[in-house]
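Engineer: I am attaching a structure below and will ask some questions about it afterwards.
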Amino acid sequence: MTAIIDIKTLYESNYLQWLEETIKCLKNRQLADVDYENLIEELEDLAKNEKRRVRSLLEQIIRHLLLYQYWDLEMLIIRLRKLLVFGTK
């Protein structure tokens, strides 16, 4: 039981050591010693961050596609103007 208290204390005082100890417990299948409360919180935060990252990347892709579409339209207009004015490509 003291291992659980130590790991929970580590979470607040030394996050890196808490992470290393948690990984060691999981690898060694010492499930009774795992700080589940904080581990679940960390996994939930990780999932939220990943969702935000994906959303941000999708927004950036959409912005770039819209800019490309606008740029492509502008280039077409420029070519048409040249064709109308000069009669060349």
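Per the numbering used here, residue 108 is the first one in the sequence shown, and the count goes up by one each step.
Where a beta carbon is used, it is the ideal one built from N, C-alpha and C, also for glycine.
If I'm right that L146 touches E128 with Cβ under 8 Å, what's the distance once you round it to whole angstroms?
Structural biologist: That belief does not hold up - the Cβ atoms of L146 and E128 are roughly 11 Å apart, past 8 Å.
Engineer: How would you label W125, buried or exposed, when you count the other beta carbons within 10 angstroms and need 16 or more for buried?
Structural biologist: When all chains shown are included, W125 counts as buried.
Engineer: What does a CB cutoff of less than 7 Å around E148 pick up in its chain, not counting 5 residues either side in sequence?
Structural biologist: Cβ within range, chain order: n/a, list empty.
Engineer: Terminal residues of the continuous alpha helix (DSSP H) containing Q124?
Structural biologist: Where Q124 is concerned, the enclosing alpha helix (DSSP H) stretches over Y122 to K134.
Engineer: Spatial neighbours of L138 within its chain, please: C-beta separation below 8 Å, excluding the five flanking residues on both sides.
Structural biologist: Around L138: C132.
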